[in-house]
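Residue numbers (the working numbering): 19 to 336.
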Amino acid sequence: MSGSAGGAAIVEGLFERRGVRVEVRDLVKIYRRGRLEVQALRGVTASFEPGTITSVMGPSGSGKTTLLNLIGGVDRPTGGSILFGDQRLEVLSDEELDRHRLLNVGFIFQSINLVPSLTARENVELPMILAGLPAGERAGRALQLLRAVGLEDRADHYPEELSGGEQQRVAIAVALANDPPVILADEPTAELDYEAARGVVDLLAHLARGVGKTVVVTTHDPRVAVRTDRIVRLEDGRIIGEYTPLELEAHPQPLGGGESHSLAELVRARIAALEAEIERVEEAAMRGEIPLRRAARRIVELEESIRALKELLSSMGG
Ligand SMILES: Nc1ncnc2c1ncn2[C@@H]1O[C@H](COP(=O)(O)OP(=O)(O)OP(=O)(O)O)[C@@H](O)[C@H]1O
Ligand SMILES: [Mg+2]
Numbered sequence: 019m020s021g022s023a024g025g026a027a028i029v030e031g032l033f034e035r036r037g038v039r040v041e042v043r044d045l046v047k048i049y050r051r052g053r054l055e056v057q058a059l060r061g062v063t064a065s066f067e068p069g070t071i072t073s074v075m076g077p078s079g080s081g082k083t084t085l086l087n088l089i090g091g092v093d094r095p096t097g098g099s100i101l102f103g104d105q106r107l108e109v110l111s112d113e114e115l116d117r118h119r120l121l122n123v124g125f126i127f128q129s130i131n132l133v134p135s136l137t138a139r140e141n142v143e144l145p146m147i148l149a150g151l152p153a154g155e156r157a158g159r160a161l162q163l164l165r166a167v168g169l170e171d172r173a174d175h176y177p178e179e180l181s182g183g184e185q186q187r188v189a190i191a192v193a194l195a196n197d198p199p200v201i202l203a204d205e206p207t208a209e210l211d212y213e214a215a216r217g218v219v220d221l222l223a224h225l226a227r228g229v230g231k232t233v234v235v236t237t238h239d240p241r242v243a244v245r246t247d248r249i250v251r252l253e254d255g256r257i258i259g260e261y262t263p264l265e266l267e268a269h270p271q272p273l274g275g276g277e278s279h280s281l282a283e284l285v286r287a288r289i290a291a292l293e294a295e296i297e298r299v300e301e302a303a304m305r306g307e308i309p310l311r312r313a314a315r316r317i318v319e320l321e322e323s324i325r326a327l328k329e330l331l332s333s334m335g336g
């Protein structure tokens, strides 16, 4: 990996738009398919502040992606409101919402979505072309953005010539192309090893703390979450808790020990949540609310996650 992401350069004039406050109120999202209804969000109220990075954690299916998609204007809520800076998203027409998304939101996804036939620089230029930025400004800005994510020397490389972590950093440069005030990242580190994941989350944190953007990241990884400013826990479409990584430290330990302690706490909390989910799935299956086959498959998945987390815990000496 070339260049430490934490030390990514802030290029003068590259980021002129600070973050904006995003506030969601009583957000409800119901997906309907035929007669089947899924309540993905059941009344979520939260705000996300400029200059801070928030992580959204929660079991699979708890509504994390749904929340991000609503904030980002990819989809519309069934109920409730979204205030994006001083813009209410619900009053925008479909066309206005598309434009809003292009100019004001930078999205980063789990599966890195770079165009394979374009170089890193060309990938970064793409959203600028869509936004109508003059050709003369695009190439220079793309190079500056790649420099900001520590990859200036890879500008002419194709995605397949880059490591997963590097590709994800190019994806961040793409997300930043039009200098959006809000960056939304949906499990951006899920496919990366820990070193690369740390580079990506530290870069996102730098965009919040150093540049002033509003950053929201969903993750299953407590090691990612502890590097953010605030953790929002979603379960079954509801926020069940909000805390700072520090608040997890029941017994603060000085220097270094502190982080591993809060990490152990997070891992234990996640194990407990997964165990509770297994119980819920079992009960739902017994009540006939979900097919047995699906319940069994889900339980195997959950047990695998628990086993991996217990291994992590024991490797930490917990
Ligand atoms: N387009 C859709 N149509 C129908 N149901 C959907 C749709 N998208 C999501 N859901 C359902 O809404 C609920 C929340 O899904 P969501 O993708 O937001 O969860 P998540 O927390 O992101 O999960 P994961 O950690 O697995 O990514 C789930 O029950 C899911 O099956
Ligand atoms: Mg998701």
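For every residue, glycine included, the Cβ atom is placed at its ideal position computed from N, Cα and C.
Measure from the alpha carbon of residue 136 to the alpha carbon of each residue in 192, 108, 104, then state which is nearest.
Nearest to residue 136 by C-alpha distance, out of 192, 108, 104, is 192.
Would you say residue 129 touches ligand 1, meaning its beta carbon is less than 7 Å from a heavy atom?
Distance from the C-beta of residue 129 to the nearest heavy atom of ligand 1 is not below 7 Å.
Within this structure, are the beta carbons of residue 84 and residue 54 separated by less than 8 Å?
Their beta carbons are not under 8 Å apart, which means residue 84 does not touch residue 54 by this criterion.
Between which two residues does the beta strand (DSSP E) carrying residue 49 extend?
Unbroken beta strand (DSSP E) run through residue 49: 40-51.
Is residue 232 near residue 207, with beta carbons less than 8 Å apart?
The Cβ atoms of residue 232 and residue 207 do not sit closer than 8 Å to each other.
Whose C-alpha, out of 86, 64, 48, 52, is nearest the C-alpha of residue 235?
The shortest CA-to-CA distance from residue 235 to any of 86, 64, 48, 52 is the one to 86.
Between which two residues does the beta strand (DSSP E) carrying residue 69 extend?
Taken as a continuous stretch (DSSP letters only), residue 69 belongs to no beta strand (DSSP E), as it is neither H nor E.
May I ask you to check if the CB of residue 236 is nearer than 7 Å to at least one heavy atom of ligand 2?
Placement of the Cβ of residue 236 at a distance of less than 7 Å from at least one heavy atom of ligand 2 is found.
One or two residues paired with residue 203 in a DSSP bridge
Checking the DSSP bridge columns, you'll see residue 203 partnered with 126, 235.
Can we count residue 205 as close to ligand 2, meaning its CB is less than 7 Å from some heavy atom?
Checking every heavy atom of ligand 2 against the Cβ of residue 205, one is found closer than 7 Å.
Own chain residues within Cβ distance below 6 Å of residue 163, not counting five before or after:
Hits under 6 Å: 142, 191, 194.
Nearest-angstrom beta carbon gap, residue 57 and residue 255 [assumed within contact, 8 Å]:
Between residue 57 and residue 255 the Cβ distance is about 6 Å, and since that is below 8 Å, they are a contact.
Contact check, residue 70 vs residue 215, beta carbons under 8 Å:
Residue 215 is positioned such that its CB atom lies no closer than 8 Å to that of residue 70.
With three or more beta-carbon pairs closer than 8 Å as the criterion, would you say the region 162-181 touches the region 85-103?
Contact between the region 162-181 and the region 85-103 is absent, with fewer than three C-beta pairs closer than 8 Å.
Exposure label - residue 262; buried when at least 16 CB within 10 Å
The residue in question, residue 262, is exposed, as its Cβ has fewer than 16 Cβ neighbours within 10 Å.
Roughly how many angstroms separate the alpha carbons of residue 45 and residue 154, rounded to a whole number?
Roughly 42 Å separates the two Cα atoms.
Kindly indicate which three-state DSSP category residue 36 falls into: helix, strand or coil?
In this structure, DSSP gives residue 36 a state outside helix and strand, which the three-state scheme calls coil.
Is residue 316 near ligand 1, in the sense that its beta carbon is under 7 Å from a heavy atom of that ligand?
No, ligand 1 has no heavy atom inside 7 Å of this Cβ.
Mind checking residue 166: buried by the 16 CB within 10 Å criterion, or exposed?
Within a 10 Å sphere around the beta-carbon of residue 166 sit 16 or more other beta-carbons, which makes this residue buried.
Cutoff 8 Å; reference residue 110; Cβ partners in own chain excluding five residues on either side:
Cβ neighbours of residue 110 beyond the five flanking positions: 91, 118.
Could you tell me if residue 131 is buried or exposed, where buried requires 16 or more neighbouring beta carbons within 10 angstroms of its beta carbon?
Counting every other CB atom within 10 Å of its CB across the protein chains shown gives residue 131 a total below 16, marking it as exposed.
Could you give the residue range of the alpha helix (DSSP H) that holds residue 212?
Note, residue 212: alpha helix (DSSP H), 212-227.
Tell me whether residue 308 sits in a helix, a strand or coil according to DSSP, three-state version.
In this structure, residue 308 counts as coil in the three-state DSSP scheme.
Should residue 40 and residue 200 be called a contact, given that it needs their Cβ atoms to be closer than 8 Å?
Yes, Cβ-Cβ distance for residue 40 and residue 200 is below 8 Å.
When every heavy atom of ligand 1 is checked, does at least one fall within less than 7 Å of the C-beta of residue 231?
Checking every heavy atom of ligand 1 against the Cβ of residue 231, none is found closer than 7 Å.
Measure the alpha-carbon distance for residue 31 versus residue 229 and round it to whole angstroms.
Taking the straight line from one Cα to the other gives about 11 Å.
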